[in-house]
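The structure appears below as structure tokens.
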Amino acid sequence: MAEILVLVDHVDGAVRKPTLELLTLARRLGEPSAVFLGPGADRATEVLGRYGAQKIHVVDAPEVDEYLVTPAVDALTQIAERTRPAAILLPSGPDGKEIAARVALRLGSGLITDAVDVTAGPDGPVTEQSAFAATYQVTAHVTQGVPVITVKPNAAAPEAAPAEPVIEKQDIAFGPTEHAVRVLSRTPRERGDRPELTEADIVVSGGRGVNGAENFALIERVADALGAAVGASRAAVDAGWYPHRHQVGQTGTQVSPQLYLAAGISGAI
Amino acid sequence: MKIVVCVKHVPDATADRTFTEDGTTDRASVDSLLSELDEYAVEQALRLAESDADAEISYLTVGPDDARDALRKALAMGGDASIHVSDEDIEGSDAFGTSLVLAKAIERHGFDLVLCGMASTDGTMGVLPALLAERLGVPAVTHLEDLAIEDGSVTGRREGDGATVRIQGALPAVVSVTDRSGDARYPSFKGIMAAKKKPVETLGLADLGIAAAQVGPAGARSAVDTATRRPPRTKGEIVADEGTGGIGLAAFLTTKKFI
């Protein structure tokens, strides 16, 4: 069976949940191979193996943290050229989508972003996406090259399938730095006691009708009772009632929970 | 400084948007307008021009005849000139085809800075700025919430996947800005009148040295198999709050096995 490359989303080796979802989806298509960029791969080996990674391609180079996006593009493109995978899966965030698009352009591949499901079809992976503010459900497939697909969080429930991954260190020829974007500083998003918005199974959001910052304590209590993440509408964020990193919506954080509880929010979600 | 702002004419996001039979966006059945997220890019270009007397702002769009309206709207906000790439062979292009057309038009015009919105409000992929940078061979300083230009480089704050980063790239560069970068101005009456006299250059594929097979459905690298309208939302169950609304809501969620 062909390899399916999965780009690992991690913070210093702590693997984020969407990666486990990608590994679960990848098993429908072939043999999952994790692509781990940066330091900390040894800390991730166990969990990546538990969710079915047969191989882990490791690129431990300082460029990965020093520059934005392009070192990951160089790495993923070169690993794809060496391994000839049947598909490449990445998480749907700003970084994941930009990496995916540039890898696809370099490989001569088609690209599908924001898939909410991926299944094996007769001509390769078939994806499902929402369109036009979720009024349409679209299925699509890539018609050229190795399919490159970004997948939204919560597209699949992570299922363990223990494997003993083979570690393959990959040397990458990085492109010229004058065309690269330097990362001057990096502030990881605060991880509170609540789940992250993008990954949460349940989101409780407050809007204009919450009627003041002080009332968000109520939203937080409901969220904590359900083990949910707290969201806020643009109106509530613009009013200064809750921090922007909690803003839910097309121009804030895109969420895909199983249950969304909206309080004091009218209109489209 | 030569600034090119890429703008897109999109179906109104508040209207009932649909697909055509071949799975592409139906642009005929609803009114279209300048993508709201592109207005932030226009705004940032105008702010940069306020502190740079040599700045020259051109807007660039790809689309059928009425895409010109997006250029007019942007020109009414400010700026100098615009370029409209229109060719029936472009219809049905994916992000790769569209980025090829835009990149060739930008190269032909010349640039120090290309400004884009974070995504279109119809396709919502958000990959075009990255593809432009890849094709033009310049830095992609993308998804910025603020930006400053100093000593030939762009610096700004980006909300990335798991972290907020401060990033910097040398000019010439492609920059994209989010809706947090600063509210876009409304066109003034004077601006609207002045926009009618500002030049719009129209180009076709031949002007850009692009073959028809590189764009449109022929050049697309993915295909839509089905586009199914979700059934209209049925009326939900309303739990009237007479002091026990919370219990009623929890009971409803429990029967649906959500909690």
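If you read the sequences in order, they're chains A and B.
Position 87, counted from 1, in the first sequence is what this note's numbering calls 87; the numbers after and before it change by one each time, with no gaps.
Add 1000 to a position in the second sequence, counting from 1, and you land on the number used in this note's numbering.
Beta carbons are placed, not taken as given, at the ideal position from N, Cα and C, and that holds for glycine.
Neighbourhood of residue i by C-beta distance below 6 angstroms, restricted to the same chain and skipping five residues each side
{"i": "Ala1148(B)", "result": "Thr1155"}
{"i": "Ala1173(B)", "result": "Val1138, Pro1139, Val1141 and Val1154"}
{"i": "Thr150(A)", "result": "Leu90, Ser92, Gly96, Lys97, Ala100 and Thr113"}
{"i": "Lys17(A)", "result": "Glu199"}
{"i": "Arg102(A)", "result": "Val73"}
Pick from the options that is closest to residue i, judged by C-alpha positions
{"i": "Glu159(A)", "options": "Ala26(A), His57(A) and Ile4(A)", "result": "Ala26(A)"}
{"i": "Glu80(A)", "options": "Ile4(A), Pro243(A), Gly207(A) and Gly175(A)", "result": "The amino acid occupying residue 80(A) in the given sequence is Ala; Glu does not appear at that position. If we check each option's Cα against that of Ala80(A), Ile4(A) comes out closest."}
{"i": "Gly1169(B)", "options": "Asp1054(B), Gly1137(B) and Ala1211(B)", "result": "Gly1137(B)"}
{"i": "Thr1025(B)", "options": "Ala1223(B), Thr1178(B) and Gly1110(B)", "result": "Ala1223(B)"}
{"i": "Ala236(A)", "options": "Asp224(A), Ile219(A), Leu226(A) and Ala228(A)", "result": "Ile219(A)"}
{"i": "Val126(A)", "options": "Gly96(A), Ala104(A) and Leu89(A)", "result": "Leu89(A)"}
{"i": "Met1077(B)", "options": "Asp1031(B), Thr1202(B), Tyr1186(B) and Asp1066(B)", "result": "Tyr1186(B)"}
{"i": "Pro62(A)", "options": "Asn215(A), Ile149(A) and Thr70(A)", "result": "Thr70(A)"}
{"i": "Val183(A)", "options": "Val64(A), Leu22(A), Val8(A) and Glu31(A)", "result": "Val64(A)"}
{"i": "Arg1260(B)", "options": "Asp95(A), Gln129(A), Pro162(A) and Arg245(A)", "result": "Residue coverage of chain B in this structure runs from 1001 to 1259, which leaves residue 1260(B) outside it and unanswerable."}
{"i": "Leu1115(B)", "options": "Leu1171(B), Gly1204(B) and Asp1065(B)", "result": "Leu1171(B)"}
{"i": "Gly192(A)", "options": "Ala133(A), Gly240(A) and Ala228(A)", "result": "Ala228(A)"}
{"i": "Val9(A)", "options": "Ser92(A), Pro32(A) and Glu31(A)", "result": "Reading off the sequence shown, one finds Asp at residue 9(A), where the question assumed Val. The candidate whose alpha carbon is nearest that of Asp9(A) is Ser92(A)."}
{"i": "Val1010(B)", "options": "Glu1021(B), Thr1020(B) and Arg1027(B)", "result": "Arg1027(B)"}
{"i": "Tyr51(A)", "options": "Tyr67(A), Val15(A), Thr143(A) and Glu66(A)", "result": "Val15(A)"}
{"i": "Thr19(A)", "options": "Gln137(A), Leu29(A) and Ala155(A)", "result": "Ala155(A)"}
Residue i to residue j span [Cα, whole Å]
{"i": "Asp1089(B)", "j": "Ser1099(B)", "result": "15 angstroms"}
{"i": "Ala75(A)", "j": "Val181(A)", "result": "16 angstroms"}
{"i": "Pro1139(B)", "j": "Lys1256(B)", "result": "49 angstroms"}
{"i": "Gly1097(B)", "j": "Ala1211(B)", "result": "11 angstroms"}
{"i": "Gln1214(B)", "j": "Ala1220(B)", "result": "8 angstroms"}
{"i": "Leu1075(B)", "j": "Gly1110(B)", "result": "19 angstroms"}
{"i": "Ala100(A)", "j": "Val35(A)", "result": "13 angstroms"}
{"i": "Leu1144(B)", "j": "Gly1152(B)", "result": "17 angstroms"}
{"i": "Arg1230(B)", "j": "Thr45(A)", "result": "41 angstroms"}
{"i": "Ser1082(B)", "j": "Lys1073(B)", "result": "11 angstroms"}
{"i": "Leu1192(B)", "j": "Thr1202(B)", "result": "The question names Leu, but residue 1192(B) in the sequence shown is Ile. Rounded to the nearest angstrom, the two C-alpha atoms are 20 angstroms apart."}
{"i": "Ala1105(B)", "j": "Arg1135(B)", "result": "12 angstroms"}
{"i": "Glu199(A)", "j": "Ser256(A)", "result": "8 angstroms"}
{"i": "Glu190(A)", "j": "Gly1162(B)", "result": "9 angstroms"}
{"i": "Val146(A)", "j": "Ala2(A)", "result": "11 angstroms"}
{"i": "Pro243(A)", "j": "Gln144(A)", "result": "42 angstroms"}
{"i": "Leu1113(B)", "j": "Pro1129(B)", "result": "12 angstroms"}
C-beta neighbour in chain A for residue i, strict 8 angstroms
{"i": "Glu1107(B)", "result": "no"}
{"i": "Leu1131(B)", "result": "yes"}
{"i": "Pro1139(B)", "result": "yes"}
{"i": "Ile1259(B)", "result": "yes"}
{"i": "Phe1019(B)", "result": "yes"}
{"i": "Phe1252(B)", "result": "no"}
{"i": "Asp1225(B)", "result": "yes"}
{"i": "Val1004(B)", "result": "no"}
{"i": "Gly1117(B)", "result": "no"}
{"i": "Gln1214(B)", "result": "no"}
{"i": "Phe1096(B)", "result": "yes"}
Test: residue i CB closer than 8 angstroms to a CB of chain B
{"i": "Pro94(A)", "result": "yes"}
{"i": "Arg186(A)", "result": "yes"}
{"i": "Ala180(A)", "result": "yes"}
{"i": "Gln137(A)", "result": "yes"}
{"i": "Val248(A)", "result": "no"}
{"i": "Ile269(A)", "result": "Interpretation of Ile269(A) is limited by its pLDDT of 43, a score under 50 that renders its predicted location unreliable; no figure is taken from the coordinates."}
{"i": "Gly145(A)", "result": "yes"}
The alpha helix (DSSP H) enclosing residue i, as first and last residue numbers
{"i": "Gln78(A)", "result": "Thr70 to Thr83"}
{"i": "Gly1216(B)", "result": "Gly1216 to Gly1219"}
{"i": "Pro18(A)", "result": "Lys17 to Leu29"}
{"i": "Lys1190(B)", "result": "Phe1189 to Ala1195"}
{"i": "Asp1069(B)", "result": "Arg1068 to Met1077"}
{"i": "Ile219(A)", "result": "Phe216 to Leu226"}
{"i": "Lys97(A)", "result": "Pro94 to Leu107"}
{"i": "Gly49(A)", "result": "Ala41 to Arg50"}
Any non-hydrogen atom of the ligand FMN closer than 7 angstroms to residue i Cβ
{"i": "Leu1249(B)", "result": "Questions concerning the ligand FMN fall outside what the structure shown contains, since it holds no ligand whatsoever."}
Same chain, Cβ closer than 7 angstroms to residue i, five either side skipped, listed in chain order
{"i": "Ala1133(B)", "result": "Pro1139, Ala1140 and Val1174"}
{"i": "Arg1068(B)", "result": "His1084 and Val1200"}
{"i": "Asp1146(B)", "result": "Gly1156, Arg1157 and Ser1181"}
{"i": "Asp1054(B)", "result": "Met1001"}
{"i": "Ser1029(B)", "result": "Thr1018"}
Bounding residues of the beta strand (DSSP E) (the contiguous stretch that carries residue i)
{"i": "Gly231(A)", "result": "Ala229 to Ala232"}
{"i": "Val1062(B)", "result": "Glu1056 to Val1062"}
{"i": "Lys169(A)", "result": "Val166 to Lys169"}
{"i": "Leu184(A)", "result": "Arg182 to Pro188"}
Proximal residues to residue i (C-beta, below 8 angstroms), its chain only, five neighbours per side dropped
{"i": "Glu1242(B)", "result": "none"}
{"i": "Gly1079(B)", "result": "Val1005, Val1042, Ala1045, Leu1046, Ala1049, Ile1057, Ser1058, Tyr1059 and Lys1198"}
{"i": "Pro188(A)", "result": "Val11"}
{"i": "Leu1208(B)", "result": "Val1085, Val1101, Lys1104, Ala1105 and Arg1108"}
{"i": "Arg106(A)", "result": "Val73 and Thr77"}
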